[in-house]
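Read through the structure below, which is laid out as structure tokens, and then see the notes.
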Amino acid sequence: MADVQRLLNQENRVITEPRQKRSLVFLSLFIVAPRTVQHLGYQRAYPHHASVLPLMYGLVVAQNLICPAIATSTTYCVSEDEEDIIICFKMSSKRKAPAADGNLNAGICDMLIELADYEKNVNRNIHKYNAYRNAAAAVAQHPTRITSGSEAKQIKGVGTKIAQKIDELIKTGKLGKLEKIRADDTTVAISLLTRVSGIGPAKARELVEQGITTIDDLCKHQDKLTHHQKIGLKYFEDFEKRIPRDEVEELEELLKRHITALDSEYVVTICGSYRRGASSSGDVDALLTHPSYTSESGKAPKKLNQVVEELKKKDLVTDVLSMGETKFMGVCVWKKGLPHRRLDIRLLPHDQYFCGVLYFTGSDIFNQNMRAHALEQGFTLNEYCVRPVGSTGVPGEALPVTCEEDVFDYLSYKYREPQQRNM
Numbered sequence: 001m002a003d004v005q006r007l008l009n010q011e012n013r014v015i016t017e018p019r020q021k022r023s024l025v026f027l028s029l030f031i032v033a034p035r036t037v038q039h040l041g042y043q044r045a046y047p048h049h050a051s052v053l054p055l056m057y058g059l060v061v062a063q064n065l066i067c068p069a070i071a072t073s074t075t076y077c078v079s080e081d082e083e084d085i086i087i088c089f090k091m092s093s094k095r096k097a098p099a100a101d102g103n104l105n106a107g108i109c110d111m112l113i114e115l116a117d118y119e120k121n122v123n124r125n126i127h128k129y130n131a132y133r134n135a136a137a138a139v140a141q142h143p144t145r146i147t148s149g150s151e152a153k154q155i156k157g158v159g160t161k162i163a164q165k166i167d168e169l170i171k172t173g174k175l176g177k178l179e180k181i182r183a184d185d186t187t188v189a190i191s192l193l194t195r196v197s198g199i200g201p202a203k204a205r206e207l208v209e210q211g212i213t214t215i216d217d218l219c220k221h222q223d224k225l226t227h228h229q230k231i232g233l234k235y236f237e238d239f240e241k242r243i244p245r246d247e248v249e250e251l252e253e254l255l256k257r258h259i260t261a262l263d264s265e266y267v268v269t270i271c272g273s274y275r276r277g278a279s280s281s282g283d284v285d286a287l288l289t290h291p292s293y294t295s296e297s298g299k300a301p302k303k304l305n306q307v308v309e310e311l312k313k314k315d316l317v318t319d320v321l322s323m324g325e326t327k328f329m330g331v332c333v334w335k336k337g338l339p340h341r342r343l344d345i346r347l348l349p350h351d352q353y354f355c356g357v358l359y360f361t362g363s364d365i366f367n368q369n370m371r372a373h374a375l376e377q378g379f380t381l382n383e384y385c386v387r388p389v390g391s392t393g394v395p396g397e398a399l400p401v402t403c404e405e406d407v408f409d410y411l412s413y414k415y416r417e418p419q420q421r422n423m
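Those letters in the sequence shown? Residues 1 to 423, by full-length UniProt numbering.
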């Protein structure tokens, strides 16, 4: 267990998720030669022999129960003599700020989110990023105003070092570390450029090294940008604006009207903080399914493409950032004079739809807690399905799920309405 924790703490051991996966809990095991493991590099990996699955399952289950937060990371590598076993956590990497509705500690949350973004965008330290984000989410849900670091330390998800930073902010009105960060030109430039949709930390640093440090600089050097990044730059100011809840409600009604006009059997759900009752959203995440498309269908049908084409005809979708068989990323506007907004649509198999709705509704911490509870109850839960785990540690067949409540029932977990999942 100590070896696993040691390796989890090594940032440079993070590798990309391989294309082919054999799901186990919310992980897959692969075997590759050590020399192929490159920091953030793409490598082909092949399934390891199934005999190691029960052993690794037990190891990771134990680790997850001790530290559920590791489930928010992408991939980790565990060394085994001449070979490396790759543990791939299939979780969303898109992390958003905790909802601020009724937040009595918004100033503290803002500080923690700024520190988290610094760790992700500048230091590339995903573990500290997760720690700050989880702490911010926990503080946002605290029912009273926090008056000291010692009080903050009593909140689950807030460790000693973070509590010390909170104490400094409360006592002095500022944080020395943040003052230094804000005074560093490179850090400020990287943080700014990563706010452009499509520009990640590596690209931002590359641009800064070339002397491109402002939005105006980007506008003058668009030849260095991808299609996605150019669109992100085009609508930079629009994407910076929060989307009021009433606007999302209007978009939801339009999406459902246009999509069900194509086929009345389509089901559309807007997830994320909107479904949890937030008063505003950063973007719009919609899930789509149809009874004719299941996990047994093999290749995904061209339904998503048909839906997007219809939305383009209705002048709802204005730009396409990326388009795949099951995921669309683009830009929409649904009323003249309104800002352009980011819109993602995912097509899910009908039999996996409600596990997907549960997962993409969030919050991150709620998902972590529910998955940890599932393991304690002898089940595995991910965005695709819920499965019982046998005595050998190998998950069985996916259980039928026709609504979110089915998942809660299987796990003997008290049902919570989406609005109760902000934690």
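Virtual Cβ for every residue (Gly too), placed ideally from N, Cα, C.
Computed from a predicted structure; not experimentally measured.
As assigned by DSSP and simplified to three states, the class of residue i
i: residue 423; result: coil
i: residue 48; result: Caution applies to residue 48, whose pLDDT of 33 falls short of 50 and renders its modelled position unreliable; the model cannot decide the point.
i: residue 53; result: In this predicted model, residue 53 has a pLDDT of only 35, less than 50, meaning its place in the structure is not dependable; the value taken from the coordinates is given anyway. Three-state result, residue 53: helix.
i: residue 214; result: coil
i: residue 387; result: strand
i: residue 191; result: helix
i: residue 402; result: coil
i: residue 418; result: helix
i: residue 150; result: helix
i: residue 281; result: strand
i: residue 407; result: helix
Beta-carbon gap between residue i and residue j smaller than 8 Å
i: residue 162; j: residue 140; result: no
i: residue 363; j: residue 276; result: yes
i: residue 286; j: residue 199; result: no
i: residue 361; j: residue 340; result: no
i: residue 308; j: residue 328; result: yes
i: residue 343; j: residue 284; result: yes
i: residue 260; j: residue 350; result: no
i: residue 353; j: residue 289; result: yes
i: residue 254; j: residue 316; result: yes
i: residue 188; j: residue 195; result: no
i: residue 310; j: residue 258; result: yes
Where the beta strand (DSSP E) containing residue i begins and where it ends
i: residue 327; result: 327 to 332
i: residue 344; result: 341 to 347
i: residue 169; result: Where residue 169 is concerned, there is no enclosing beta strand (DSSP E), although the alpha helix (DSSP H) it sits in stretches over 160 to 172.
i: residue 286; result: 284 to 289
i: residue 319; result: 317 to 323
i: residue 381; result: 379 to 381
Where the alpha helix (DSSP H) containing residue i begins and where it ends
i: residue 261; result: 245 to 262
i: residue 361; result: 353 to 361
i: residue 307; result: 303 to 313
i: residue 365; result: 364 to 376
i: residue 208; result: 201 to 209
i: residue 270; result: Note, residue 270: premise wrong, no alpha helix (DSSP H); beta strand (DSSP E) at 267 to 270.
i: residue 112; result: 106 to 118
i: residue 233; result: 227 to 234
i: residue 180; result: 176 to 183
i: residue 129; result: 126 to 140
Whole-angstrom C-beta distance between residue j and residue i, which should lie under 8 Å
i: residue 130; j: residue 204; result: About 20 Å separates the two Cβ atoms, so there is no contact after all.
i: residue 137; j: residue 158; result: So it is not a contact: roughly 10 Å between Cβ atoms.
i: residue 379; j: residue 389; result: 6 Å
i: residue 108; j: residue 166; result: 6 Å
Check: Three or more C-beta pairs closer than 8 Å, one from the region 299 to 318 and one from the region 361 to 378: is that the case here?
Finding: The region 299 to 318 vs the region 361 to 378: no contact.
Note to self: Within 8 Å, do at least three Cβ pairs link the region 329 to 336 to the region 260 to 277?
What the structure shows: No, they do not touch.
Checklist line | Three-pair Cβ contact test at 8 Å for the region 142 to 154 versus the region 109 to 119 | finding: No: fewer than three Cβ pairs fall under 8 Å.
Notebook entry, point to check: Just checking, does the region 407 to 415 make contact with the region 256 to 268 on the three C-beta pairs under 8 Å criterion?
Noted result: Judged by Cβ distances under 8 Å, the region 407 to 415 makes no contact with the region 256 to 268, as fewer than three pairs qualify.
Next item on the list: Could you tell me whether the region 204 to 214 touches the region 231 to 241, where touching means 3 or more Cβ pairs closer than 8 Å?
Entry: The region 204 to 214 vs the region 231 to 241: no contact.
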